[in-house]
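To convert a position in the sequence shown, counted from 1, into the numbering used here, add 34.
Built from N, CA and C at the ideal position, the CB exists for glycine as well.
Since the structure is predicted, the reported quantities are computational estimates derived from the model, not experimental observations.
Report on the structure given below.
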Amino acid sequence: MNHRIFALIVFILAYVLFIFLPKRRTIVAVASSLLLLVTSTVSLKEAFLSINWNVMGIFVGTLIVANVFMESRVPAYLAEIIVDKAKNTAWAILLICLLTGFISAFVENVATVLIVAPIALSLAKKLKINPTNMMIAIAISSNLQGTATLIGDPPSMLLGGFAKMNFGDFFFYKGRPSIFFAVELGAITSFVVLYFIFRRQKEKVKLIPLEKIKTWIPTIILTSLIILLAVSSFFDIGFSYMAGVICMIFGIISMLWEKFINKTPVLDGIKALDWETTFFLVGIFILVGSITITGWIEIVSGYLSGIVGENIFLGYTLLVFMSVFLSAFIDNVPFLAAMLPVAISMSNKLAINPSLFLFGLLIGASLGGNITPIGASANIVACGLLKKEGYTVKFKDFVKIGLPFTLAAVSAAYLFVWFIWGR
35 MNHRIFALIV FILAYVLFIF LPKRRTIVAV ASSLLLLVTS TVSLKEAFLS INWNVMGIFV
95 GTLIVANVFM ESRVPAYLAE IIVDKAKNTA WAILLICLLT GFISAFVENV ATVLIVAPIA
155 LSLAKKLKIN PTNMMIAIAI SSNLQGTATL IGDPPSMLLG GFAKMNFGDF FFYKGRPSIF
215 FAVELGAITS FVVLYFIFRR QKEKVKLIPL EKIKTWIPTI ILTSLIILLA VSSFFDIGFS
275 YMAGVICMIF GIISMLWEKF INKTPVLDGI KALDWETTFF LVGIFILVGS ITITGWIEIV
335 SGYLSGIVGE NIFLGYTLLV FMSVFLSAFI DNVPFLAAML PVAISMSNKL AINPSLFLFG
395 LLIGASLGGN ITPIGASANI VACGLLKKEG YTVKFKDFVK IGLPFTLAAV SAAYLFVWFI
455 WGR
């Protein structure tokens, strides 16, 4: 069997297993990559070069900072202030969702849900209401806003690394409004959907005891990281690993602060990292690299280009809504990693600015995961927390909120990207 066919078989098998064994996705990704290496389908050098080390630096660095930020209790303190200031339950839920979105733009989605969930569950207990819809709203709000910035979530990091976009490029790219504004427009329209879902909950909010903030230092570290990433965006020094290096430096600063000031052993901080997702990303990069090296990306892009012909709008629409549908059922990280090279290849064949297809792909893949309880890691975590509290989330109950939320957000962002980048 030649390497091209073997690479395709391993790739397809891995992605099928991602669907049916989501809890074993890291093992599948790493094992598949090792199989490609052992059989010499890809060389060690090709595997190393396939890994986007800038993305890995951004992910690991921001993860360390986010963990320290979460432990400081500042996010929980802010959430509790918002709950206490809300005039009724409906507005308390909506404001919690807004805060969730804001935090998620700078902190990984799962971490954000874990930060906000205790406040939501505590509020539900005091008011004697079912927290299911509230937790679903928190999870999907986190997924939406995580797309807005370079450091919000792995899919955004993947796009940033692949297209060599810096932090500022997510706000303005080549002189035009970028992903951030598309996501915020989607957030406004989807917020209206949430309002109609929760508007009948008029119970008066009961005051809840405020968290004690342990320290403001992690907040200062996170804010400094964001400012430095923003400032570095204005300087093109030809170093494509700048964002990753900056994030890792701040990650190391956070670990040193934990070690010498907070007296937390470094080993504890290392253990707390999301190593599963870290190794999953490494495995995915090698898998996608294998089908790129063996020519399958060109074949797939040629097939899709044949379907759309010279109709750019059809190509854009196909990419966006195909991504929405597929990401509702499969993890958006491997899907996006596989499709980014396809989007570039299709753009080249149509002789258009690749930003249109790349941005459309990110929006579709990131927001499509909000439709079902298995579409995103944050959804799975939210459902798990509810199960611990004795509430089972039915598939149809999640879709009842996730589908209209997603359609509202995607439609607005889809039209915005086409209007700005489709000409």
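Taking the Cβ atom as the reference point for each residue, do residue i and residue j lie within a distance shorter than 8 Å?
{"i": "residue 193", "j": "residue 396", "result": "yes"}
{"i": "residue 276", "j": "residue 95", "result": "no"}
{"i": "residue 174", "j": "residue 404", "result": "yes"}
{"i": "residue 391", "j": "residue 353", "result": "yes"}
{"i": "residue 141", "j": "residue 172", "result": "no"}
{"i": "residue 204", "j": "residue 184", "result": "yes"}
{"i": "residue 409", "j": "residue 362", "result": "yes"}
{"i": "residue 416", "j": "residue 221", "result": "no"}
{"i": "residue 231", "j": "residue 177", "result": "no"}
{"i": "residue 130", "j": "residue 154", "result": "yes"}
{"i": "residue 126", "j": "residue 157", "result": "yes"}
{"i": "residue 349", "j": "residue 384", "result": "yes"}
{"i": "residue 291", "j": "residue 327", "result": "no"}
{"i": "residue 432", "j": "residue 406", "result": "yes"}
{"i": "residue 347", "j": "residue 202", "result": "no"}
Does the beta-carbon of residue i, which I'm using as the reference point, lie nearer than 7 Å to any heavy atom of the ligand PLP?
{"i": "residue 438", "result": "Because no ligand of any kind appears in the structure shown, any question about the ligand PLP cannot be addressed here."}
Taking the alpha carbon of residue i as the reference point, which residue from the options has its own alpha carbon closest?
{"i": "residue 146", "options": "221, 389, 336 and 132", "result": "132"}
{"i": "residue 78", "options": "143, 324, 57 and 121", "result": "324"}
{"i": "residue 160", "options": "187, 117 and 195", "result": "117"}
{"i": "residue 36", "options": "103, 76, 51 and 85", "result": "76"}
{"i": "residue 46", "options": "63, 74 and 316", "result": "63"}
{"i": "residue 360", "options": "152, 73, 447 and 402", "result": "402"}
{"i": "residue 31", "options": "72, 115, 448 and 377", "result": "Since the first residue shown for the chain is 35 and the last is 457, residue 31 is missing from the structure and cannot be characterised."}
{"i": "residue 256", "options": "138, 369 and 366", "result": "138"}
{"i": "residue 259", "options": "233, 234, 249 and 287", "result": "287"}
{"i": "residue 400", "options": "440, 85 and 234", "result": "440"}
{"i": "residue 61", "options": "293, 112 and 309", "result": "309"}
{"i": "residue 114", "options": "407, 279 and 152", "result": "152"}
{"i": "residue 366", "options": "412, 434, 382 and 86", "result": "412"}
{"i": "residue 374", "options": "278, 347 and 334", "result": "334"}
{"i": "residue 447", "options": "280, 211 and 263", "result": "211"}
Distance check for residue j and residue i, CA to CA, integer angstroms please.
{"i": "residue 312", "j": "residue 355", "result": "28 Å"}
{"i": "residue 83", "j": "residue 198", "result": "15 Å"}
{"i": "residue 318", "j": "residue 195", "result": "14 Å"}
{"i": "residue 208", "j": "residue 187", "result": "23 Å"}
{"i": "residue 253", "j": "residue 103", "result": "6 Å"}
{"i": "residue 41", "j": "residue 48", "result": "11 Å"}
{"i": "residue 296", "j": "residue 110", "result": "19 Å"}
{"i": "residue 339", "j": "residue 329", "result": "16 Å"}
{"i": "residue 144", "j": "residue 39", "result": "36 Å"}
{"i": "residue 470", "j": "residue 386", "result": "In this structure the chain extends from 35 to 457, so residue 470 is not present and cannot be described."}
{"i": "residue 247", "j": "residue 453", "result": "44 Å"}
{"i": "residue 69", "j": "residue 53", "result": "20 Å"}
{"i": "residue 236", "j": "residue 121", "result": "9 Å"}
{"i": "residue 200", "j": "residue 91", "result": "13 Å"}
{"i": "residue 437", "j": "residue 162", "result": "27 Å"}
{"i": "residue 302", "j": "residue 342", "result": "52 Å"}
{"i": "residue 191", "j": "residue 89", "result": "6 Å"}
{"i": "residue 227", "j": "residue 305", "result": "39 Å"}
{"i": "residue 71", "j": "residue 81", "result": "8 Å"}
{"i": "residue 108", "j": "residue 214", "result": "24 Å"}
{"i": "residue 294", "j": "residue 300", "result": "10 Å"}
{"i": "residue 434", "j": "residue 229", "result": "14 Å"}
{"i": "residue 418", "j": "residue 224", "result": "24 Å"}
{"i": "residue 74", "j": "residue 429", "result": "42 Å"}
{"i": "residue 170", "j": "residue 289", "result": "33 Å"}
For the alpha helix (DSSP H) containing residue i, name the first residue and the last one.
{"i": "residue 309", "result": "309 to 327"}
{"i": "residue 179", "result": "166 to 179"}
{"i": "residue 141", "result": "Element bounds for residue 141: n/a, residue is neither H nor E."}
{"i": "residue 85", "result": "Note, residue 85: premise wrong, no alpha helix (DSSP H); not H, not E."}
{"i": "residue 263", "result": "251 to 266"}
{"i": "residue 344", "result": "Careful: residue 344 lies outside any alpha helix (DSSP H) and carries neither H nor E."}
{"i": "residue 275", "result": "Unbroken run through residue 275: none, as it is neither H nor E."}
{"i": "residue 191", "result": "188 to 197"}
{"i": "residue 60", "result": "59 to 72"}
{"i": "residue 413", "result": "411 to 422"}
{"i": "residue 403", "result": "Run containing residue 403: none; DSSP gives neither H nor E here."}
{"i": "residue 431", "result": "429 to 455"}
{"i": "residue 111", "result": "108 to 119"}
{"i": "residue 54", "result": "37 to 54"}
{"i": "residue 368", "result": "366 to 384"}
{"i": "residue 219", "result": "213 to 232"}
{"i": "residue 304", "result": "300 to 305"}
Assuming the contact rule is C-beta atoms closer than 8 Å, residue i and residue j should be a hit. Round their C-beta distance to whole Å, please.
{"i": "residue 451", "j": "residue 182", "result": "Between residue 182 and residue 451 the Cβ distance is about 13 Å, and since that is not below 8 Å, they are no contact."}
{"i": "residue 67", "j": "residue 321", "result": "6 Å"}
{"i": "residue 285", "j": "residue 98", "result": "4 Å"}
{"i": "residue 358", "j": "residue 398", "result": "5 Å"}
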